[in-house]
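Accompanying notes for the structure given below.
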Amino acid sequence: MAVIELNNVQKVYGKGAAKVVALKDINFKADEGDVVLIMGPSGAGKSTFLTIAGSLQKPTSGQVIVGGEDISHLSTKQSNNLRLTRIGFVLQAYNLVPFLKVKEQFQLVDRVKKDNNISLVVLKKLLRRLKISDLVNKYPNELSGGQQQRVAIARALYANPEIILADEPTASLDSENVDEVGQLFKELAKDYHKAVILVTHDPRLKKYADYIYEMMDGKIVNNRQ
Amino acid sequence: MFLAIKEIKREKLRYGLIILMIFLISYLIFILSSLAVGLASQNTQALESWDIRQVVLNKNANVNMSQSVLNETDLKHANLTKDEALLGQTPVVAKSKNRPQVSAQFIGIKKAQFIYQDQEIIAGRKANNSSEVVVDQAFKVKGYQLGDYLQLNNSKKKYQIVGFAKDAKINIAPIIFGTLATWKTLRQGMPNMQASAIMSRRADYRNNHGNNQTYTIKYFINKLPGYTAQNMTFQLMISFLFGISLIIIAVFLYILTMQKMHNFAVMRAQGIPSATLIKATISQALMLVIIGVILGLLAMTLTAKLLPAAVPMSFTPEIVLSGTIGMMITGLIGSLIPIRSILKVDPVKAIGE
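Those sequence lines, one after another, are chains A and B. Once you know that position 71 of the first sequence is 71 in UniProt numbering, the rest is easy, because the numbers rise by one and skip nothing. Once you know that position 343 of the second sequence is 343 in UniProt numbering, the rest is easy, because the numbers rise by one and skip nothing.
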């Protein structure tokens, strides 16, 4: 069974002459251990796809199924809880809380989600693997772009979600860091059994993907392994 | 609380400036409240120490005790018990050799009645005859001592200070306690005058015969010259200060919240509930107010210690409590204004920015 599945999803904004169809008949699925790339030019509907897959907004029609449960009609509170427990977001640069030290980013998760976060031992191992163990007492603005991105990945994994959704995760990184982050996502998907969905227009990430979905004008136009 | 504390610790300058403003406002509120209470108390402290409930004056005196005169006829139906006392009041200027002149209120009382009997003497003793007086401690502050002889107005007669009384002020002037006989001499008015007023400790005491009119102590105090105007001026200033602090707290929190909208959107996208963000905002506002008010209290305590006794300031626990609660409520209301914006944070905004 797929960890996340979108069936005939459509998203329409506005009405009448102002009507914009942002997503058309989207069918998509990802399983644990998969790294899936959603690619396409600006305006293709990648971000809308991400917000619907991440339960940040509801589709106009169609189904979004996470772990066998249809999440298309959840209340705000239920969506919140879903994002907190089952979906980890890695957003673009500056997505860490600026006034919290690295270790406090994890403490914030502990305060709102008491159970099923990864253990301290696993966290230490993860931080070592991400090469950020010695940065725990630093604030985000004291870190480089690559370091911030790795902290954001650790933070997303800390709540132990089934799905990692990343929005342009390499947008502010140089080539060396892109490879490092790409490799990291691949390893994390395999070792931690997560479905990793990367929304990007960065072709350098293609070599790390198990599946690539290409979007154009709100539709998936190409789907290849 | 976690987010609130962490943010204040990280943004020390920004929040330090807000705390500074709250501190200055609360300090000013405490100073004005202390002055208001101090001045009000100097108008009424003698009346309060006597525990008066009703005051009988001449109805033509416009509720002004020093203008009121009650004669023998007026007192015919007075029915005085142990809870009533006759009192004569007149303004005087007291002088003594090598001492500064003091504008005071002479209060003539009867030895057999409760005002004399309940007098709290902090030094010396009570007056025993018409040549002796007990004066308010303000005379002591001005250098007067026990045994000094006072001349009142242009009178040649001298009165010896035999005691200093506690809390003996009326109309912001220190009281000189003497006898009703001395009051009659100083007042020099109508024949047969017996007193300015009848003071009663009984709430049900009434005497409205002839020229007499009975007033409640509350009404009488509010009619003291300048008392209501002075209190209203202070109340207006304190209300404005609370209003200003409300605006400052609300505006600052609103601006700070607007600056943090992206952070809030990111946190909302990550599943942090709105309630957590709202609690953080409210607790942050309360923390800023509490720190500001504590600093204000410390500064006020220091000021109260350093100010000379002549400044009519009364820094009481009631002022501490009401000022602190007032500021807390102000902070709470101020923090509610940005909450609407927090509730409307759209987590979708965190994507693609």
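Glycine included, every Cβ here is placed at the ideal spot set by N, Cα and C. Nothing here was measured: the structure is a model prediction, and the numbers come from that model.
| Partners in chain B for A:Asn81, counting only beta-carbon separations shorter than 8 Å | Gly271
| request: Can you grab the Cα-Cα spacing for the pair A:Ala171 / A:Val178, in whole Å? | output: 9 Å
| Nearest chain A C-beta to B:Phe220 closer than 8 Å, yes or no? | no
| Residue-level contact to chain A via CB, B:Thr276, 8 Å cutoff | yes
| Can you pull the DSSP bridge partners for B:Arg99? | B:Ser96
| request: Locate the beta strand (DSSP E) running through B:Arg10, then write down its first and last residues. | output: No beta strand (DSSP E) holds B:Arg10; the alpha helix (DSSP H) holding it covers 2 to 10.
| request: Note down, in chain order, every chain B residue with its Cβ under 9 Å from the Cβ of A:Gln57. | output: Asp346, Pro347, Val348
| field | Residue burial classification, A:Arg86 (beta-carbon count within 10 angstroms, cutoff 16) | value | buried
| query | What are the uninterrupted segments assigned as alpha helix (DSSP H) that are 4 or more residues long and contained completely in the stretch 255 to 304 of chain B, given in chain order? | reply | 261 to 269
| query | If you draw a straight line from the C-alpha of A:Tyr139 to the C-alpha of B:Thr276, how long is it? | reply | 21 Å
| request: Starting from the beta carbon of A:Asp217, find every residue of chain B whose beta carbon is closer than 8 Å, and list them in chain order. | output: The premise fails here: A:Asp217 is roughly 17 Å from chain B at the closest Cβ pair, so nothing lies under 8 Å.
| query | Shorter than 8 Å from the beta carbon of A:Leu184 to some beta carbon of chain B? | reply | no
| request: Closer than 9 Å by beta-carbon distance: list the chain A residues that pair up with B:Val266, in chain order. | output: Phe89, Leu91, Tyr94, Asn95, Leu96, Val97
| Sorted by chain position, which residues of the same chain lie with C-beta nearer than 8 Å to A:Val188's C-beta, five sequence neighbours on each side aside? | The identity of residue 188 of chain A in the sequence shown is Leu, whereas the question assumes Val. For A:Leu188, where only same-chain residues beyond five positions count, the Cβ hits under 8 Å are Ile153, Leu157, Ile164, Lys194, Val196.
| field | Reference A:Lys219, options A:Val97, A:Glu162, A:Val12, closest by Cα | value | A:Val12
| Any beta strand (DSSP E) of 3 or more consecutive residues that is wholly inside the stretch 42 to 77 of chain A | 61 to 66
| field | Spatially closest choice to B:Leu241 from B:Met21, B:Ala127, B:Ser130, by CA coordinates | value | B:Met21
| task | For the beta strand (DSSP E) containing B:Val56, list its first residue and its last residue. | result | 54 to 58
| query | Of all the beta strand (DSSP E) runs that stay within the bounds of the stretch 165 to 223 of chain A, which reach a length of 3 or more residues? | reply | 195 to 199, 211 to 216
| task | Determine, using beta carbons only, whether A:Arg150 comes closer than 8 Å to chain B. | result | no
| What is the DSSP secondary structure of B:Ala46, counted as helix, strand or coil? | helix
| Would the beta-carbon of B:Ile19 fall within 8 Å of that of B:Gly292? | yes
| message | Could you compute how far the alpha carbon of B:Val56 sits from the alpha carbon of B:Ile333? | response | 46 Å
| query | Between B:Gly124 and the rest of its own chain, which residues show a CB-CB distance below 8 Å, the 5 nearest in sequence each way excluded? | reply | Val134, Leu146, Ile161, Val162, Gly163, Phe164
| said: Considering only the alpha carbon of each residue, which of B:Leu298, B:Gln89, B:Leu150, B:Thr281 lies closest to B:Met258? | reply: B:Thr281
| said: So for B:Leu17, helix, strand or coil by DSSP? | reply: helix
| For B:Pro174, the residue or residues it bridges with in DSSP | B:Lys169
| Can you find a C-beta in chain B that's less than 8 Å from the C-beta of A:Ser47? | yes
| Residues from the stretch 97 to 123 of chain A in contact with chain B, defined by Cβ distance under 9 Å | Val97, Pro98, Phe99, Leu100, Lys101, Glu104, Gln107, Leu108, Val109, Arg111, Val112, Lys113
| query | Using the C-alpha atoms, what's the distance from B:Leu87 back to B:Ala127? | reply | 15 Å
| query | Just the Cα atoms here: how many angstroms apart are B:Glu353 and A:Gln92? | reply | Bear in mind that a pLDDT of 48 at B:Glu353, under 50, signals an unreliable position, so the number given afterwards is only what the model happens to contain. C-alpha separation (whole angstroms): 7 Å.
| task | Starting from B:Ser322, follow the alpha helix (DSSP H) in both directions and report where the run begins and ends. | result | 317 to 336
| request: Label A:Glu5 either buried or exposed according to how many other C-beta atoms from any shown protein chain fall within 10 Å of its C-beta, with 16 as the threshold for buried. | output: buried
| query | Among B:Ala40, B:Gln101, B:Lys82, which has the Cα closest to the Cα of B:Lys111? | reply | B:Lys82
| Which residues, in order along the stretch 129 to 143 of chain A, keep a beta-carbon less than 9 Å from a beta-carbon of chain B? | Tyr139
| Helix, strand or coil for A:Ala17 per DSSP? | helix
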